[in-house]
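Engineer:
See the structure below:
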């Protein structure tokens, strides 16, 4: 399975702004990479049932934030998004950490990537970029 996954990598840029998300697609898993700055498409489409993961491939502390979505629409194995001030937030991710293994109900999900050069105890400082995940 690992060989199959690595042979099916499809480098698709997801986010614009000061952080980059890069996608690696396989049969059933989509990894969204958090990196440095480059332009990106407005939306990324995935099939319903696709597992979504975020990888902090930057040198900073990161957090993924999804606003305007009920927690029941996202199902994660292991770590979960937490409801904070009316939005879903991932746990703080160190560089090279992965968060996710989540499946999402059909619909559009706008998410933000927050980055901070600070410590793990601090909230990641400012929103760096925004992306849309469309689940068909």
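Residue numbers (our numbering): 8 to 143.
The C-beta atom is built at its ideal place from N, Cα and C for all residues, glycine as well.
How close, in whole Å, do the beta carbons of residue 105 and residue 61 come, if the pair is a contact with beta carbons under 8 angstroms?
Structural biologist: Here residue 105 refers to the residue found at position 98 when the chain shown is read from its first residue. Here residue 61 refers to the residue found at position 54 when the chain shown is read from its first residue. Correct: roughly 7 angstroms between the Cβ atoms.
Engineer: Determine the direct distance from the alpha carbon of residue 121 to that of residue 89, and round the result to whole angstroms.
Structural biologist: By 1-based counting over the chain shown, the position of residue 89 is 82. By 1-based counting over the chain shown, the position of residue 121 is 114. Spanning the two alpha carbons is a distance of roughly 15 angstroms.
Engineer: How many angstroms separate the CA atom of residue 75 from the CA atom of residue 96?
Structural biologist: Translated into positions along the chain shown, residue 75 becomes position 68. Translated into positions along the chain shown, residue 96 becomes position 89. Straight-line Cα distance between these residues: approximately 12 angstroms.
Engineer: Nearest-angstrom Cα distance between residue 36 and residue 100?
Structural biologist: Working through the chain shown from its first residue, we reach residue 36 at position 29. Working through the chain shown from its first residue, we reach residue 100 at position 93. C-alpha separation (whole angstroms): 19 angstroms.
Engineer: Determine the contact status of residue 59 and residue 110, defining contact as a CB-CB distance below 9 angstroms.
Structural biologist: Along the chain shown, read from residue 1 onward, the residue named residue 59 stands at position 52. Along the chain shown, read from residue 1 onward, the residue named residue 110 stands at position 103. Yes, the pair counts as a contact, with Cβ atoms nearer than the cut-off.
Engineer: With 16 other CB atoms within 10 Å as the buried threshold, where does residue 57 fall?
Structural biologist: Residue mapping note: residue 57 aligns to position 50 of the chain shown, counting from 1. The residue in question, residue 57, is buried, as its Cβ has 16 or more Cβ neighbours within 10 Å.
Engineer: Within its chain, find whatever has a CB closer than 6 angstroms to the CB of residue 80; leave out the 5 residues flanking it on each side and keep chain order.
Structural biologist: In the chain shown, the residue the question calls residue 80 occupies position 73. So the qualifying residues of the chain are 112.
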